[in-house]
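Participant: First to last, the sequence lines map onto chains F and V.
The opening position of the first sequence corresponds to residue 247 in our numbering, with each subsequent residue numbered one higher.
The opening position of the second sequence corresponds to residue 124 in our numbering, with each subsequent residue numbered one higher.
Just so it is clear, CB atoms sit at the ideal spot from N, CA and C, and this is done for glycine as well.
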Amino acid sequence: MTEKGQILNRIRLALKTNAPRPGHPAPAQVKNPGGSHHPPSPGEPRNWLPKVGESVEEHRTLFARNAAELKADFHWLDSLEDARKLLNDMASREVWQKVATHAGECTSPLCSTLPCKVLTLSPGYDRNELESCNAGISECDFLVAQTGTVALTNQSAGGRALSVLPPHHIVLARKHQLLADLPAAFAGLRQKYGDNFPTMISLITGPSRTGDIERILVLGAHGPKKLTILAF
Amino acid sequence: MSFASEFRNRARVVASNLRHRQIIRTALGNYETARDRRKATYQDWQGARQLAAETKWEAINHLDHYLLDFSTRLEARGTKVHWASNASQAREIILAIVQEKQARSVIKSKAMTAEEIHLNEALEKAGLKVVESDLGELIVQLRRETPYHIVFPSMHLTREEISALFEKELGSAPTLDPEELTMIARRVLRGKYLTADIGITGGNFAVAETGMVSITENEGNARLTAALPKTMITLLGIEKIIPRLDDLALFLPMLATMGAGQALTGYNTLYGGPRQPGELDGPEEWHVVLLDNHRTELLADGEQRDALHCIRCGACLNVCPIFRNVGGHTYGTTYSGPIGSVITPHLRGLQDWKHLSGASSLCGACTETCPVKIDLHHHLLQNRRNAAQERPDNLEEAAFGVFGWLTRRPAAWKTVRFILQKIQPLTRQFQKKPWHPAKPWTQTRDLPVIPSESFRDWWKNRPKTSKHD
Ligand code: SF4
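1) Taking Cβ positions only, does F/H348 come closer than 9 Å to chain V?
2) Along chain F, in chain order, which residues have C-beta atoms closer than 9 Å to that of V/E402?
3) Can you tell me the Cα-Cα spacing of V/P400 and V/D475, whole angstroms?
4) Quick one: using the 10 Å Cβ neighbour count with 16 as the cut-off for buried, is V/T357 buried or exposed?
5) When you compare the CB of V/D592 with every CB in chain F, is at least one pair closer than 9 Å?
6) Are F/G269 and V/A176 close, meaning C-beta to C-beta below 9 Å?
7) Run down chain F in chain order and give the residues with a C-beta less than 7 Å from the C-beta of V/K496.
8) Can you tell which of V/K231, V/A482, V/A423 and V/G360 has the C-alpha that lies nearest to the C-alpha of V/A134?
9) Establish whether the CB of F/S301 and some CB of chain V are separated by less than 9 Å.
10) Are the C-beta of V/D167 and some C-beta of chain F separated by less than 9 Å?
11) Span of the alpha helix (DSSP H) holding F/A260?
12) If we call anything under 9 Å between Cβ atoms a contact, is V/A372 one with V/F193?
13) At least one CB of chain F closer than 9 Å to the CB of V/H410: is that the case?
14) Would you please verify whether the beta carbon of F/Q437 is less than 9 Å from any beta carbon of chain V?
15) Please list, in chain order, the chain V residues whose beta carbon lies closer than 7 Å to that of F/I459.
16) Among V/I364, V/S337 and V/R313, which has the Cα closest to the Cα of V/V324?
17) Counting along the chain, where does the beta strand (DSSP E) carrying V/Y394 start and finish?
18) Of all the CB atoms in chain F, is at least one closer than 9 Å to the CB of V/R309?
19) How long is the line joining the alpha carbons of F/K331 and V/G326, rounded to whole angstroms?
20) Evaluate contact between the region 545-552 of chain V and the region 500-518 of chain V, counting only Cβ atoms and requiring at least three cross-stretch pairs below 8 Å.
21) Determine the direct distance from the alpha carbon of V/H188 to that of F/L326, and round the result to whole angstroms.
22) Between which two residues does the alpha helix (DSSP H) carrying V/L293 extend?
23) Nearer than 8 Å: is that true of the beta carbon of V/R435 relative to any heavy atom of the ligand SF4?
24) Excluding the 5 residues preceding and the 5 following F/P273 in the sequence, name in chain order all residues of the same chain whose CB lies nearer than 7 Å to its CB.
25) Under 9 Å, do F/V410 and F/P470 count as touching if we go by C-beta distance?
26) How about F/F320: is its C-beta nearer than 9 Å to some C-beta of chain V?
27) Kindly indicate which three-state DSSP category V/I573 falls into: helix, strand or coil?
28) Can you find the residues in the same chain that come closer than 8 Å, C-beta to C-beta, to V/Q173, ignoring five residues on each side of it along the sequence?
29) Identify whether V/I220 lies in helix, strand or coil by the three-state DSSP scheme.
30) Can you pull the chain F neighbours of V/G343, defined as C-beta to C-beta under 7 Å?
31) By alpha-carbon positions, which one of F/N334, F/G466, F/D372 and F/A477 ends up nearest to F/H422?
32) Excluding sequence positions up to five away, which residues of its chain have a Cβ less than 6 Å from the Cβ of V/R131?
33) Give the secondary structure of F/W322 by DSSP, where H, G and I count as helix, E and B as strand, and everything else as coil.
34) Cβ of V/C493 within 8 Å of any heavy atom in the ligand SF4?
35) Whose C-beta lies closer than 6 Å to the C-beta of V/G259 among residues of the same chain, with five residues either side of it excluded?
36) Would you call the CB atoms of V/T164 and V/A386 closer than 9 Å?
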């Protein structure tokens, strides 16, 4: 028998003994979920998770508060033009030589007017060139107010490396992409991709960080030292 | 020397090391503040624990079903899934992949399962250069040590020690600035990332419904490991399964809260396959190795099956008075602290590792803190019971037999009491001697003097007063 078969057999044999269900004193009868492959969750996480409020305004305030705590820069802007101005200012202030981005609805118009070289990633791009860029500019799928998180995929945000290899990651989002909480983000991902999820979904919460030396917070351990989020 | 006496010896040394105590106390003090602040933001933390426990119960008690789902979905998108019954099979599978690729260098992100199967040693023996990319793991790798803690591998070291280590091993200039130290590691590892042939990761959750592996980290090193090398290998214990994608909406924040007092860990990333046509980058091949290594034996123990619910947050280590006093290395195991004491006897043999279940005050702090409600301290008791049933301690049984016999015979009891009381002053001078039979007790404590008057006698002879006094 294959190793797979043997492991599965051992599991089936082991499961002949029942284990008490948490919070239920007697051992429960284990029924195979069978028909419905993934029975609904026994509860609703939203009832227990931190509160988020109802209105967009509340979500915006919460996201801003979380971002500040995470040492991420968050800008809530009026228009694409405001985002353009902010990006161009940043480019001159941080003396960008070259930035990396991907083709996209927001990235393409905004990056075309930057006062520096722009590397637009295409399949087979040179990773050393990406590594030498001052910043990576990407789009995203959602912003999550509850935790100050940016949810993105390799489809929406230019592959796996763009958002993590350059020292500064800039996220471009439309205001309607701001969601209340994590359950909403997963529901949103499902709706957007159906059964065909991209091979990477990343929930990014603040710039790269470590506390491995005396538990003291240091930003930019491996990934970006800076995370800037522009919503417009 | 047996594992038990090694444990005792190390524990004695570390427990009296005041500097160690100071470092651990400061680190965990900060952790506790952050964790409590974060827990307080939940609408109902106990409700969240109950739901997490029930969800993991469902996954583990239908493990065959969910594992098949998980592997089928991964395979559908071109991932190669391997099954390993034990550590040596897992090592062989990984070595075969590495050799087939003619790889020379491997970059690793943190994986306790890799520690469990001693993967680094095996790869190095085969002539490969293995680099740990998580900062804490890199530090302990350079020190040729094992991780001190499953979440904070280098928490036992000071910046002075780390600076000296980097100076010696990486040739960097000494500095006491944690930021500069981190940047030294960043620079060194960047080069390795761009050239490594193989990336090896662990995983925190295996999502059955969508066939994805979720990896939690703060540094971005796992993100890079899964982005740059041509071949990616992920080693997972079979217990990592959760049923649904949406379950992560609960588990990710809970893991972050209990692991390090964060709302969410820096990067929580789900991988569903190698690079697909049309995708910009990512590994050409992805191998997922599912590891049993005695987990099915723990699964067969209905009483302790919930130990497989563990999400390796490390919270039980942080609150454990034993862990805090003897430190992570004293255990001599991959998994330390309460969860390590519970599962190591199942993974590596009850008789060899039962002493860990004895090293507990049974205060229950672990059970109270565990986000998935594992009944940790009762499992320690059950391990003690199982060990005694399997191999009874005759001397102990005889001693209790005699004691029981005496307590039922007042005259005999009185005589023995009288004799002991007379000879006790003579034996006191021997109680610190190394050959004293009750040495573990008498060396650090004084046996109370047996009083000349027993309680019975005192009760009988006490001055009689009126009822209502
Ligand atoms: S046993 Fe519970 S508290 Fe301990 S590491 Fe596992 S999940 Fe965390």
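Facilitator: In short, the structure shows the following:
1) yes
2) P369, N400, Q401, G405, R406, P444, T445 and M446
3) 51 Å
4) buried
5) With a pLDDT of 48 at V/D592, under the threshold of 50, the predicted position of this residue should be treated as unreliable, and no value is reported.
6) yes
7) P268
8) V/A482
9) no
10) yes
11) E249 to A260
12) no
13) no
14) no
15) R282, I285, P301, L304 and T305
16) Note that residue 324 of chain V is Thr in the sequence shown here, rather than Val. Cα-wise, what sits closest to V/T324 is V/S337.
17) Y390 to Y394
18) yes
19) 41 Å
20) no
21) 49 Å
22) R282 to L293
23) yes
24) Below a pLDDT of 50, predicted positions are generally treated as unreliable, and F/P273, at 48, falls in that range; no measurement from the model is reported.
25) yes
26) no
27) coil
28) K496
29) helix
30) V410, S454, A467, H468 and G469
31) F/A477
32) none
33) strand
34) yes
35) P276 and S277
36) yes
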